[in-house]
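Participant: The structure follows.
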Amino acid sequence: MEPMAIVSIFVLAVFVGFEVVSKVSSTLHTPLMSGANAIHGVILVGAIIVADHSKTNLELGLSLAAIVLATINMVGGFVVTDRMLEMFKGKKKGADQ
Amino acid sequence: MSSTLYDLIGLAAGVCFILALKGLSHPKTARRGNLIGALGATIATLVVFLYVTPPRDGSEAHSLPLHNFWWIIGAIAVGLIIGVPAARKVQMTQMPQLVALFNGVGGGAAALVAIVEYLNLGSDATTAEVIFTVFTVVVGCVSFSGSIITFMKLQELMTTRPVVFPGGRFVIAGTLAAVLGVSGWVVTALGTTPLLVLAALSLLFGILFVLPVGGADVPIVISLLNAFTGLTVAASGYVLNSTLLIIAGTLVGASGTILTRLMAEAMGRSLFGTLFGAFTAKPQDVAAAGEERPVRSGSPDDVAILLNYARRVVIVPGFGLAVAQAQHTVRELADLMLSKGIDVAYGIHPVAGRMPGHMNVLLAEANVPYDQLAEMDEVNPTFGQTDVAIVIGANDVVNPAAKTTPGCPIYGMPILEVSNASNVIFLKRSMRPGFAGIENELLYDPKTMLLFGDAKASLTKVVSALKAL
């Protein structure tokens, strides 16, 4: 990929990242951190690519370890975030009672 | 699948992540946002099986399926078997450390990916690729070992206080210098050994970096390491030529940085001070211990009588409430008081518990009506008209030392000013100080009454005593 294209993507993504979370209330800090944490679990994609590239047993072993860790990060992250947010759902019911 | 289609689907996944972060920033859309993020991640993972990245020497890409296909599937299955039950079974009280742990393994995964790609490319790697590889290995390893330490601190497998040893800052600075030096060595010399030395040094630096951080600053560090891991993912995206990884990693890095700053602000901490605490930390003066001072402890009946004649009561929950799982009992008490015509509000400190928003989550679970939850700025001016403030398992967030004792670890943190209420009741397990390890003068105040014991058991007794009145 062109270096300039990569720099452009990077800079734009930085600003989008700043912008989307700039007004979050403190109540949501933890779920947001946890959700962002799950998103970087997408390194799983990178781990699968390097597992495909692997030529030696050492490379394969390390990339499989990366796959296990990345899967834990991604799937566990989304599940735990959903559990946190599930708690918030109860609010409306409480107000109605 | 053509490379254009592959890239387009990757872009769609990137858009999902942006929408996910946007959704997670608002209470109404938060859950949907998380699901959109999960959808993006699922799409990205499935599509990678349908496209083979061509080798760099320009030769034809091998045909599908991917090499080592069944190994890859097996490894994903192992990850699922570990990750899903851990996330489903964890207690609410232990969620922060689980998030720390997930973040750490993500950082570790990024570092491993960079190492494998480096071994794979060998001398074909361009200087730019080596630099990005070095960055990923260093920051990924720091994130991994640092997160493990925050996990151990929160899980109370080790002391929660800042760990500072003589000459510590020189050791940390020395390790950092070594990391930078070896990074240069890897870039110029290329080779597996320098890279492994670099990984080991970075792991050590991660440990040393987090050890001096204590008490309430731990969640800020988790958020920071989270942003770090995002950046490593972006850097490995450069090496693997994956736009998706660059977008996703950068998004997390940028939003994580903002979030870290917001969290630091909510706690009245300087981000700089938290980050570089490692370099400036001095051994803390331990509060003069062993000195026996009189406290006023009461019985559940005393508390019930006090509440019965109050017009306004503010409940201040803390980590002790979470530990005792007393959120339902506290709601029962609040409902009982409301039925007696007493004005009840919950005073929620932004960082009460072990993570920001911890108390909101916990009370939401007990269906506490949202309008009874008052944020700090809202509730502080009302303590003057409050007859009784009940502090349930909170300590640091009501400790006047944050205002009166310069130099104490929580100095400058905004607190809930419960000392302005006419009476203060502390429900505590013991006289042990809070997470930050600082003595609380308010406990010795004549208008303070202490009710010792597990928060849930104590509250249950207060509820039945109040019913009997």
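Read top to bottom, the protein sequences are chains S and D.
Number 93 in numbering that gives the first Met the number 0 belongs to position 94 of the first sequence; there are no gaps in the numbering.
Number 207 in numbering that gives the first Met the number 0 belongs to position 208 of the second sequence; there are no gaps in the numbering.
Quick reminder that beta carbons are idealized off the backbone N, C-alpha and C, glycines included.
It should be emphasised that the depicted structure is a prediction, and the values quoted were computed from it without experimental measurement.
1) On the three-state DSSP scale, how would you describe D:Lys455?
2) Scan the region 40-58 of chain S for residues whose Cβ lies nearer than 9 Å to a Cβ of chain D and list them as they occur along the chain.
3) Flag S:Thr26 as yes if its beta-carbon sits less than 9 Å from any beta-carbon of chain D, otherwise no.
4) Please confirm if the region 69-76 of chain D is in contact with the region 106-114 of chain D, defined as three or more CB-CB distances below 8 Å between the two stretches.
5) Assuming contact is defined by CB atoms lying nearer than 9 Å, are S:Ile38 and D:Val251 in contact in what I supplied?
6) Cβ of D:Pro399 within 9 Å of Cβ of D:Ser418?
7) Enumerate in chain order the residues of its own chain whose CB-to-CB distance from D:Ser2 is below 6 Å, with the five nearest sequence positions on each side excluded.
8) Whole-angstrom Cβ separation of D:Leu306 and D:Met354, contact assumed at under 8 Å?
9) For D:Asn379 and chain S, any beta-carbon pair shorter than 9 Å?
10) Keeping to the same chain, check which residues put their C-beta closer than 7 Å to that of D:Ala464; ignore five residues upstream and five downstream.
11) Can you pull the chain S neighbours of D:Tyr237, defined as C-beta to C-beta under 7 Å?
12) So who's on the other strand from D:Gly346, going by DSSP bridges?
13) Could you check where the alpha helix (DSSP H) with D:Asn359 kicks off and where it finishes?
14) In chain S, which residues lie less than 7 Å from D:Asn67 when you measure between Cβ atoms?
15) So what's S:Lys22 in DSSP terms, helix, strand or just coil?
16) Select from D:Phe208, D:Ser146 and D:Phe451 the residue whose C-alpha is nearest the C-alpha of D:Val294.
17) Confirm, please, whether the CB-CB distance from D:Tyr345 to D:Leu332 is below 9 Å.
18) Strictly below 7 Å CB to CB, what residues from chain S border D:Met94?
19) Report the partner residues of D:Thr447 according to the DSSP bridge assignment.
20) Taking DSSP as the reference, what is the three-state secondary structure of D:Ala303?
21) Taking Cβ positions only, does D:His327 come closer than 9 Å to chain S?
22) Could you give the DSSP three-state label for D:Arg311: helix, strand or coil?
23) Could you give the uninterrupted runs of the alpha helix (DSSP H) lying entirely in the region 80-132 of chain D, keeping only those of 4 residues or more?
24) Can you tell me whether D:Ser296 is helix, strand or coil according to DSSP?
25) Taking the alpha helix (DSSP H) that D:Ala401 belongs to, which residues open and close that run?
26) So if I threshold CB-CB distances at 7 Å, which residues from the region 1-27 of chain D count as touching chain S?
27) First and last residue of the alpha helix (DSSP H) that includes D:Ala247?
28) Roughly how far, in whole angstroms, is the beta-carbon of D:Glu94 from the beta-carbon of S:Val79, given that I think they are within contact range, below 8 Å?
Facilitator: So, from the data block:
1) Taken through DSSP and simplified to helix, strand or coil, D:Lys455 comes out as helix.
2) Residues of the region 40-58 of chain S with a C-beta less than 9 Å from any C-beta of chain D: Gly40, Val41, Ile42, Leu43, Val44, Gly45, Ala46, Ile47, Ile48, Val49, Ala50, Asp51, His52, Ser53, Lys54, Thr55, Leu57 and Glu58, listed in chain order.
3) For S:Thr26, the answer is yes, since a Cβ of chain D falls inside 9 Å of its Cβ.
4) no
5) yes
6) yes
7) none
8) Going by Cβ atoms, the distance from D:Leu306 to D:Met354 rounds to 30 Å, so no, they are not a contact pair.
9) Output row for D:Asn379: interface = no.
10) Pro299, Asp300 and Ala303
11) Ile5
12) Partner(s): D:Ala373.
13) His357 to Glu364
14) Ala50, Asp51, Ser53 and Leu59
15) coil
16) D:Phe451
17) no
18) Contact of D:Met94 with chain S by beta-carbon distance below 7 Å involves Val79 and Met83.
19) D:Val423
20) helix
21) no
22) Here DSSP, grouped into helix, strand and coil, assigns D:Arg311 to strand.
23) 94-120
24) strand
25) Ala400 to Thr403
26) Flagged, chain order: Phe16, Ile17, Ala19, Leu20, Lys21, Leu23, Ser24 and Pro26.
27) D:Ala247 -> alpha helix (DSSP H) spans Thr242 to Ala265.
28) Checking the sequence shown, residue 94 of chain D turns out to be Met, not Glu. Confirmed, Cβ separation roughly 6 Å.
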